[in-house]
Amino acid sequence: MTAQSDRTADGSIAAPVLAVKRQRSVAVRAQVVLQNVVWIWLAGLILIFGILNPFFLTTSNLQNILVQATVLGLLGLAQSLVLLVGEIDLSIGAVTGISSAIGALAIQRLGLPVGLGIIIGIGVATMIGFINGLCVTRLKMVSLIESLGMMITLQGGLLAISQGNTITDMPGSYNWIGQATLGGWPLMPVVLLAGFIAMGFMLRRTILGRSLYATGGNAAAALVAGIRVQRIKIIAFTLSGFISGIAGYLLAAWQGAITSDQGNGFLLYAIAAPIIGGVSVFGGRGGTLGILGGVLLLTVIHVGLAIVYVPSFYVTMIGGVLIFIAVAVDALRVNVLGDH
Amino acid sequence: MATTRLLQTIELTKRYGGVSALKGVSLSVDSGTVHGLLGENGAGKSTLVKIVSGLQTPTEGEIHLDGKETGPADVKRMEGLGVFLVTQEPAIVSSLSVAENLVLGRWPHRGVWVDVRAMNRLATNYLDGTGLDPHAIAGRLSAVDRRKLNILRALHSGGRLIILDEPTTALTMADRQILFGFMRKLKREGVTFMFISHYNEEILEICDSVSVLRDGALVTDNQPVASVNSSALSEMVLGRGLHLFTRGRAGPEAAQAPPPNWQFRGLRGSNFRVDHLDIAPGEVIGLAGLPGAGAQEVARAIYGLVPAEGTVEHAGLTGSLPADPAEALAKGIAFLSDDRLRDGIVAIHSIAKNITLSSLGAISSGGVISLARERDLVADFFKRMSIRARDASQPVGQLSGGNQQKVLLSRLLATKPRLLILNEPTRGIDVGVKEEVHRIVASLTRDGVSVIIVTSDLDEMLRAVDRVLLFVNGVVVDDRAATSLTKEDVLRIAYSSSPHLVTPAVPAEQGAIVS
Numbered sequence: 074m075t076a077q078s079d080r081t082a083d084g085s086i087a088a089p090v091l092a093v094k095r096q097r098s099v100a101v102r103a104q105v106v107l108q109n110v111v112w113i114w115l116a117g118l119i120l121i122f123g124i125l126n127p128f129f130l131t132t133s134n135l136q137n138i139l140v141q142a143t144v145l146g147l148l149g150l151a152q153s154l155v156l157l158v159g160e161i162d163l164s165i166g167a168v169t170g171i172s173s174a175i176g177a178l179a180i181q182r183l184g185l186p187v188g189l190g191i192i193i194g195i196g197v198a199t200m201i202g203f204i205n206g207l208c209v210t211r212l213k214m215v216s217l218i219e220s221l222g223m224m225i226t227l228q229g230g231l232l233a234i235s236q237g238n239t240i241t242d243m244p245g246s247y248n249w250i251g252q253a254t255l256g257g258w259p260l261m262p263v264v265l266l267a268g269f270i271a272m273g274f275m276l277r278r279t280i281l282g283r284s285l286y287a288t289g290g291n292a293a294a295a296l297v298a299g300i301r302v303q304r305i306k307i308i309a310f311t312l313s314g315f316i317s318g319i320a321g322y323l324l325a326a327w328q329g330a331i332t333s334d335q336g337n338g339f340l341l342y343a344i345a346a347p348i349i350g351g352v353s354v355f356g357g358r359g360g361t362l363g364i365l366g367g368v369l370l371l372t373v374i375h376v377g378l379a380i381v382y383v384p385s386f387y388v389t390m391i392g393g394v395l396i397f398i399a400v401a402v403d404a405l406r407v408n409v410l411g412d413h
Numbered sequence: 104m105a106t107t108r109l110l111q112t113i114e115l116t117k118r119y120g121g122v123s124a125l126k127g128v129s130l131s132v133d134s135g136t137v138h139g140l141l142g143e144n145g146a147g148k149s150t151l152v153k154i155v156s157g158l159q160t161p162t163e164g165e166i167h168l169d170g171k172e173t174g175p176a177d178v179k180r181m182e183g184l185g186v187f188l189v190t191q192e193p194a195i196v197s198s199l200s201v202a203e204n205l206v207l208g209r210w211p212h213r214g215v216w217v218d219v220r221a222m223n224r225l226a227t228n229y230l231d232g233t234g235l236d237p238h239a240i241a242g243r244l245s246a247v248d249r250r251k252l253n254i255l256r257a258l259h260s261g262g263r264l265i266i267l268d269e270p271t272t273a274l275t276m277a278d279r280q281i282l283f284g285f286m287r288k289l290k291r292e293g294v295t296f297m298f299i300s301h302y303n304e305e306i307l308e309i310c311d312s313v314s315v316l317r318d319g320a321l322v323t324d325n326q327p328v329a330s331v332n333s334s335a336l337s338e339m340v341l342g343r344g345l346h347l348f349t350r351g352r353a354g355p356e357a358a359q360a361p362p363p364n365w366q367f368r369g370l371r372g373s374n375f376r377v378d379h380l381d382i383a384p385g386e387v388i389g390l391a392g393l394p395g396a397g398a399q400e401v402a403r404a405i406y407g408l409v410p411a412e413g414t415v416e417h418a419g420l421t422g423s424l425p426a427d428p429a430e431a432l433a434k435g436i437a438f439l440s441d442d443r444l445r446d447g448i449v450a451i452h453s454i455a456k457n458i459t460l461s462s463l464g465a466i467s468s469g470g471v472i473s474l475a476r477e478r479d480l481v482a483d484f485f486k487r488m489s490i491r492a493r494d495a496s497q498p499v500g501q502l503s504g505g506n507q508q509k510v511l512l513s514r515l516l517a518t519k520p521r522l523l524i525l526n527e528p529t530r531g532i533d534v535g536v537k538e539e540v541h542r543i544v545a546s547l548t549r550d551g552v553s554v555i556i557v558t559s560d561l562d563e564m565l566r567a568v569d570r571v572l573l574f575v576n577g578v579v580v581d582d583r584a585a586t587s588l589t590k591e592d593v594l595r596i597a598y599s600s601s602p603h604l605v606t607p608a609v610p611a612e613q614g615a616i617v618s
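Structure below.
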């Protein structure tokens with residue numbers, strides 16, 4: 074088609090313009106497909122799991138997926154904030170564990186009110202994020218290693234304060250949010266939804282959001298443009314800690330227990346989910362919708378493999394391969410269409 | 104002088120989708136000459152040299168070297184035939200020595216071990232008379248030495264035709280002379296150069312002949328430089344006469360010039376001491392001097408980019424110098440960076456987001472951006488600056504240098520500055536856009552905006568400013584009307600100082616620009 078219109082284009086002006094437009098619309102369509110590849114991939118997997126086991130498509134299972142996606146989703150948001158400014162935070166998984174443990178022990182040992190204990194836990198998490206931010210900006214520590222050190226310290230800290238024991242028997246009011254339902258629907262996903270809406274609004278519509286993107290896109294240029302880059306990075310780390318604290322509380326309330334290695338398993342998935350959803354590890358790129366897609370994709374893989382009775386010895390491996398494919402498809406998008 | 108044809112392209116055409124970047128270009132380059140390649144941003148220069156150097160394949164057409172067709176080419180093959188492209192970002196490994204860089208990828212070796220002694224011997228011989236120390240660490244070289252190293256590396260790898268893509272960007276006047284001297288020496292030894300530059304004077308100085316591209320077509324092929332002058336070159340590039348901007352200067356009424364409204368006092372930085380610096384509303388002053396002499400540093404200090412002491416008085420308020428750019432912007436000072444890619448544009452973000460980046464506060468309330476006000480602001484500048492792009496959502500990194508500069512100027516003007524600091528405002532943009540930039544500045548000054556221009560292009564500075572402040576060794580040694588200065592005056596004064604300044608130490612930061 075295009076070649077033909079090129080040939081007939083000699084002498085006329087309208088034809089090549091049309092050819093260009095047509096070509097661009099094809100490119101745009103291809104781009105739309107590939108840019109939403111996470112969602113297409115997600116729909117495909119839901120369909121496949123549904124065919125393999127119709128139970129997968131029941132309301133109760135889908136509710137279960139959303140509940141399971143809540144903690145990972147919040148951690149994905151926390152990680153994305155830091156990725157957007159071109160840094161990384163390996164400590165968020167450990168933060169969920171130790172912050173919830175400190176809150177829970179404050180309630181159990183010191184007899185503080187439940188609400189106050191929860192706030193203390195989230196406050197500790199926020200403070201850890203703030204310290205990460207200070208180390209990376211003021212002390213110019215490399216975030217990869219700084220947060221690795223923080224992660225190991227916090228993991229060890231949790232082991233120390235829990236003495237290796239699992240913290241259980243929390244008051245019912247503490248665990249309430251993890252079990253509560255409203256009209257048959259669990260409350261946890263409401264927190265997830267609220268988190269994504271708030272983050273989406275912040276990123277798209279506020280000065281803070283623009284500053285985060287600009288800082289990750291080109292920190293030197295952002296500084297010259299009048300953005301206080303260091304402050305923005307500290308805010309990113311602090312907010313990341315705050316959200317991890319909320320995720321930590323929700324995880325404890327949902328499980329009704331805090332193990333001595335609570336939260337550690339989430340870290341790599343919380344990094345993978347945003348990247349699958351289009352957040353760049355180099356900063357400055359990515360959106361909330363993509364992050365949500367990445368989170369749901371990983372959760373569907375996790376839950377789906379369990380439901381279709383894949384023997385547990387194979388679940389991790391197959392899950393890994395599926396993630397691998399998702400990232401490969403995304404890389405293909407970048408190579409073929411350029412990264413926008 | 105008998106010349107032989109080294110390179111001949113025949114009807115080279117390159118189409119991207121339905122768009123022709125090159126239209127039947129038949130270019131000829133003679134052996135042992137420096138051949139200038141001119142054209143506006145986006146005229147097809149880069150595409151042409153990429154095809155000739157094998158980085159891209161032409162849609163149609165042939166390349167002949169020494170009268171023989173090269174066949175389907177790739178970089179390896181063209182390099183094998185002696186064609187090397189030296190780009191604006193010299194490909195040098197900063198942490199390795201000059202000798203190691205010279206033989207990079209072609210290490211002399213014994214088994215798997217690099218034969219260091221043989222390498223250094225080879226490099227010492229090869230670099231004899233070039234002024235490069237084979238043991239020096241490449242990252243510490245001056246900008247001009249890096250260019251030399253790149254050219255030498257190409258020659259060492261068997262290069263006969265060296266294509267230099269804007270090699271003088273980020274070089275000082277003195278460095279340019281060093282580079283040109285080096286090129287002339289190699290030319291006598293039979294090396295052929297293709298030389299891309301936006302500066303007419305450079306073309307006239309170093310080139311033997313020129314070719315000009317306009318909108319992808321070759322409009323001038325291999326014309327001897329002896330037969331053209333600067334305005335003829337501009338006309339060939341633009342396809343129309345260029346009306347050079349010269350700032351309209353106050354005549355007899357200059358005596359009643361308005362009193363200064365920006366008064367800087369006691370400026371002290373790591374390498375400058377300026378007791379007072381006054382700028383009147385609507386005045387354009389130029390800061391000139393060799394690198395490291397203080398002009399750049401003072402401009403950056405006023406914008407809060409480098410730590411410095413001093414006070415600023417404006418609109419009845421006296422305060423210390425801004426601590427950071429955010430504070431400077433709040434005071435009404437805006438700053439154009441001399442290196443767009445390094446700290447100017449956010450290349451991966453859209454034109455719109457780049458334009459509004461410094462004025463988000465003005466289009467938002469309570470930290471929430473009004474999308475409607477943002478759209479209006481962007482549309483306004485998109486039109487006013489006649490930015491050439493698909494639309495305002497296109498990433499800035501995809502635009503030509505001139506259009507990127509317009510986006511940055513839009514960002515500055517959107518802050519409604521009262522003092523505009525322009526650092527190398529016309530670097531790497533074509534002559535047409537250069538004049539546009541100066542006209543925009545002129546219209547701002549009519550509204551009372553004060554302007555500071557820092558540029559190494561002295562011809563341009565003398566045309567565009569009212570008053571020149573000449574820096575030597577960190578202090579202002581001369582301060583007078585641009586009309587009473589010539590380029591020669593400026594150079595004489597700049598070089599007249601203590602001898603050690605003639606080869607100024609390049610600060611590490613500046614070295615990094617070129618790496």
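Sequence lines, in order, name chains A and B.
Sequential numbering from 74 applies to the first sequence in the working numbering.
Sequential numbering from 104 applies to the second sequence in the working numbering.
Positions of the beta carbon are idealized from the N, C-alpha and C atoms, including for glycine.
Looking at chain A, is there any beta carbon in it that lies within less than 8 Å of the beta carbon of residue i?
i	result
B:His452	yes
B:Ser330	no
B:Gly470	yes
B:Pro428	yes
B:Ile405	no
B:Phe438	yes
B:Ile70	Nothing can be reported for residue 70 of chain B: it is not among the residues displayed for chain B, which extend from 104 to 618.
B:Lys509	no
B:Arg476	no
B:Gln479	Note on residue identity: the sequence assigns Asp, not Gln, to residue 479 of chain B. With 8 Å as the cut-off, B:Asp479 does not count as an interface residue toward chain A.
B:Arg549	no
B:Val449	yes
Buried or exposed for residue i, please, with buried defined as at least 16 other CB atoms from any protein chain shown within 10 angstroms of its CB.
i	result
A:His375	buried
A:Thr239	exposed
B:Arg256	buried
B:Gly261	exposed
B:Val132	buried
A:Ala174	buried
B:Tyr119	exposed
B:Leu250	For clarity, residue 250 of chain B is Arg in the given sequence; the question names Leu instead. With 16 or more Cβ atoms within 10 Å of its Cβ, B:Arg250 is classed as buried.
With 8 Å set as the bound, which would you pick, yes or no: does the beta-carbon of residue i sit closer than that to a beta-carbon of chain B?
i	result
A:Thr279	yes
A:Asn291	yes
A:Leu207	no
A:Ala294	yes
A:Ile297	Just to set this straight, residue 297 of chain A is Val in the shown sequence, not Ile. Closer than 8 Å to some Cβ of chain B, the Cβ of A:Val297 qualifies, so yes.
A:Ala287	yes
A:Gly357	yes
Since residue i and residue j are thought to touch, with beta carbons under 8 Å apart, how far apart are those beta carbons, to the nearest angstrom?
i	j	result
A:Ile364	A:Gly377	Wrong, their Cβ atoms sit about 20 Å apart, outside the cutoff.
A:Val264	A:Leu323	6 Å
B:Phe187	B:Gly392	Not quite, the Cβ-Cβ distance comes to about 35 Å (not below 8 Å), so this is no contact.
B:Asp268	B:Val189	7 Å
A:Ala343	A:Gly166	7 Å
Since residue i sits in a beta bridge, which residues does DSSP pair it with?
i	result
B:Met297	B:His138, B:Ile266
B:Thr323	B:Val315
A:Pro259	A:Thr254
B:Lys117	B:Leu125
Next on the checklist: If we require 4 or more residues per run, which alpha helix (DSSP H) segments fall completely within the stretch 506–565 of chain B?
Outcome noted: 534–549
Checklist entry - Fully enclosed by the stretch 206–284 of chain A, which alpha helix (DSSP H) runs are 4 residues long or longer? => result 216–235, 245–252, 261–278
Next on the checklist: At 3 residues or longer, what runs of the beta strand (DSSP E) sit wholly inside the stretch 156–222 of chain B?
Outcome noted: 163–168, 186–189
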